[in-house]
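S.K.:
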Amino acid sequence: MKVDYIIVGLGLAGIALAERLEARNKSFVVFDDESQHSSRTAAGAYNPVILKRFTPVWNGPEQIEVALPFYQQLAEKLKVKLDFPVLTKKVFKSIEDQNNWFAASDKPRLQDYLDPKLDQASYEGVIAEFGFGNVRNTGWIDTNVLLDHYRLHLQNSDQVRFETFEYEQLDVKDGILYKDIKAEKIVFCEGYGITKNPYFRHLPLNGTKGEVLIIEAPELDIDFQVKSTIFVLPLGNHRYKVGATFNWADKTSDPTEAGKSELLEKLKKVITVPFNIVNHRAGIRPTVKDRRPLVGIHPDFKNVAIMNGLGTRGVMIAPTVSEQLLDHIDLGTPLDPEIDINRF
Ligand SMILES: Cc1cc2nc3c(=O)[nH]c(=O)nc-3n(C[C@H](O)[C@H](O)[C@H](O)COP(=O)(O)OP(=O)(O)OC[C@H]3O[C@@H](n4cnc5c(N)ncnc54)[C@H](O)[C@@H]3O)c2cc1C
């Protein structure tokens, strides 16, 4: 079999790259073994404001401008709904918190998102002693529907192999040769799975485990995301996604009792109504020391590239950096030094 590209990993990174390749009429085959669960676990939220500090996310508005049309096109192609715009309500903890919000909502890069008015409405079952600040133009992408349908799409066109990519079988000296496949290039998109990759495991991707719950709360009826020390995201039918934990020590993808307890403890400070737990998931976010993606070409092997390090914001970042990586490979367009692996 001969293809232009091999992609290893079919999370948000691999999907974005595959889509960009398809748009450029390049042939490819993808490998995925479901050993990592970050894209499956993600809340899929997009929001260009860091609500802990009321500061802009790195390149946030620019990334969203690329990401939303990207997911819209993908939704049309896969014939599913992927984008769910929802208002985000930041719960204030104090008067000082409110004042910081007013100051931040004046900043040019945040004006489109932070509503300067204090929201003091009360919502049945939600605790907010000091009211809310509303963040506009936010929402979430249903990453599970995306993964399920994209896998099927590739399966139907015979462009995917659901198996572990065995690095020791790869020959990169004269073009790319892997078992029965000859390719021009290979791009690794394995998320935290990079730690097993002999070509790129030297890069400082440390990984941060996160756990989420899906709860059913019959008496809670809100159509906005509540953002406090945790988020409560409405999924419809009185179901809500609740998350997330941040654990830097545990590198497994198994949900834990400790993670669940932490989320329940925090949830009780946000809602007052009864609920059942419907699901509990965990995954490792591919986080990098300097909080920037890991994108670029291997220094010794010009046919070997990487797209990783999407951290806590894969939904927003993947559509932009996939295009940048392919422009770099195809046209030699220099990469933004902030994302280029050459910085290490
Ligand atoms: C709890 C939690 C909440 C999150 N919330 C959000 C959010 O609200 N918004 C947001 O934008 N991001 C969020 N994220 C982050 C987001 O999940 C990541 O940025 C993104 O999913 C990373 O995508 P990826 O494709 O790089 O990695 P992954 O999703 O880890 O995908 C890598 C893929 O490669 C495969 N793979 C690895 N090694 C091999 C191999 N040797 N052979 C074959 N296949 C292999 C894996 O099976 C996997 O499918 C969250 C993450 C977590 C854990």
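All the letters of the sequence shown, read from the start, carry residue numbers 1 to 344 under the numbering used here. Using N, Cα and C, we set each Cβ at its ideal position, and we do this for glycine too. Quantities reported herein were computed from a predicted structural model and do not represent experimental measurements.
What are the start and end residues of each continuous beta strand (DSSP E) run of 3 or more residues lying completely inside the segment 129-175, in chain order?
M.R.: As far as the segment 129-175 is concerned, its whole beta strand (DSSP E) runs of at least 3 residues are 132-135, 139-141.
S.K.: Is any heavy atom in ligand 1 found nearer than 6 Å to the beta carbon of phenylalanine 84?
M.R.: Every heavy atom of ligand 1 is 6 Å or more from the Cβ of phenylalanine 84, so no.
S.K.: Would you mind sorting methionine 1 into buried or exposed? The rule is 16 or more other CB atoms within 10 Å of its CB.
M.R.: With fewer than 16 other Cβ atoms within 10 Å, it is exposed.
S.K.: By a C-beta neighbour count over all protein chains shown, 10 Å radius and 16 as the cutoff for buried, is tryptophan 248 buried or exposed?
M.R.: By the neighbour-count rule (16 or more Cβ atoms within 10 Å), tryptophan 248 is not buried but exposed.
S.K.: Looking only at its chain, what residues have a beta carbon closer than 8 Å to the beta carbon of leucine 170, apart from the 5 residues adjacent to it on each side?
M.R.: Only Ile176, Leu177, Tyr178, Ile186 meet the Cβ criterion.
S.K.: Please list the terminal residues of the continuous beta strand (DSSP E) segment that includes glutamine 225.
M.R.: Segment 225-227, the beta strand (DSSP E) holding glutamine 225.
S.K.: Measure the Cβ-Cβ separation of proline 299 and valine 321 and say whether it is below 7 Å.
M.R.: Cβ distance not < 7 Å, so proline 299 and valine 321 don't count as in contact.
S.K.: For leucine 177, list the residues DSSP reports as bridge partners.
M.R.: Bridge partners of leucine 177: Asp171, Lys182.
S.K.: So, are the CB atoms of isoleucine 214 and lysine 266 less than 7 Å apart?
M.R.: Not a contact, by the Cβ cut-off of 7 Å.
S.K.: Return the first residue and the last residue of the alpha helix (DSSP H) that threonine 320 is part of.
M.R.: Looking at the DSSP string, the run of the alpha helix (DSSP H) that includes threonine 320 is 314-331.
S.K.: Using 8 Å as the cut-off, can you tell me whether the segment 197-214 makes contact with the segment 325-333, which would need three or more C-beta pairs spanning the two stretches below that distance?
M.R.: Because the criterion of three Cβ pairs below 8 Å is not met, the segment 197-214 and the segment 325-333 do not touch.
S.K.: Find the nearest neighbour of valine 212 within the set Ile284, Tyr192, Asp158, His153, judged by alpha-carbon distance.
M.R.: Among Ile284, Tyr192, Asp158, His153, the Cα nearest to that of valine 212 is on Ile284.
S.K.: The beta strand (DSSP E) that contains phenylalanine 31, what's its start and end?
M.R.: Looking at the DSSP string, the run of the beta strand (DSSP E) that includes phenylalanine 31 is 28-31.
S.K.: Give me the DSSP bridge partner(s) of aspartate 83.
M.R.: Aspartate 83 pairs with Ile141.
S.K.: Using a 10 Å radius around the Cβ and a threshold of 16 neighbouring Cβ atoms, would you call aspartate 174 buried or exposed?
M.R.: Its Cβ having fewer than 16 others within 10 Å, aspartate 174 is exposed.
S.K.: List, from N- to C-terminal side, the beta strand (DSSP E) runs of 3 residues or more that fit wholly inside the segment 193-242.
M.R.: Runs of the beta strand (DSSP E) inside the segment 193-242: 208-216, 225-227, 231-236.
S.K.: Measuring alpha carbon to alpha carbon, tell me which of Tyr113, Asn303, Ile271, Asp142 ends up nearest leucine 74.
M.R.: Nearest option by C-alpha distance: Asp142.
S.K.: Can you grab the Cα-Cα spacing for the pair histidine 149 / valine 29, in whole Å?
M.R.: C-alpha separation (whole angstroms): 16 Å.
S.K.: Does the segment 113-131 come within contact of the segment 249-258, defined as at least 3 CB pairs closer than 8 Å?
M.R.: No, the segment 113-131 is not in contact with the segment 249-258.
S.K.: Please list the terminal residues of the continuous alpha helix (DSSP H) segment that includes proline 68.
M.R.: The sequence shown places leucine at residue 68, rather than the proline named in the question. 60-78 is the span of the alpha helix (DSSP H), which, as asked, contains leucine 68.
S.K.: What span of residues does the beta strand (DSSP E) with aspartate 4 cover, start to end?
M.R.: Per DSSP, aspartate 4 belongs to the beta strand (DSSP E) from 2-8.
S.K.: Look up glycine 309 in the DSSP assignment and say whether it is helix, strand or coil.
M.R.: Three-state DSSP puts glycine 309 in coil, outside helix and strand.
S.K.: Applying the 10 Å Cβ sphere with the 16-neighbour rule, what's the burial state of arginine 313?
M.R.: By the neighbour-count rule (16 or more Cβ atoms within 10 Å), arginine 313 is buried.
S.K.: So, with DSSP's three-state summary, where would you put alanine 282?
M.R.: If DSSP states are grouped into helix, strand and coil, alanine 282 belongs with the strands.
S.K.: For chain C, find out if any of its Cβ atoms is closer than 7 Å to the Cβ of glycine 131; answer yes or no.
M.R.: Protein chain content of the structure displayed is limited to a single chain, and chain C is not contained in it.
S.K.: Out of curiosity, what's the CA-to-CA distance linking isoleucine 15 and glutamate 338?
M.R.: If you take the alpha carbons of isoleucine 15 and glutamate 338, they lie about 22 Å apart.
S.K.: Using a Cβ-based criterion (distance less than 6 Å to any ligand heavy atom), does glutamate 190 qualify as near ligand 1?
M.R.: Yes, the beta carbon of glutamate 190 sits closer than 6 Å to at least one heavy atom of ligand 1.
S.K.: Suppose the cutoff is 6 Å on Cβ atoms and the five residues either side in sequence are ignored; what does the same chain contact list for glycine 133 look like?
M.R.: Result list for glycine 133: Lys90, Trp101, in chain order.
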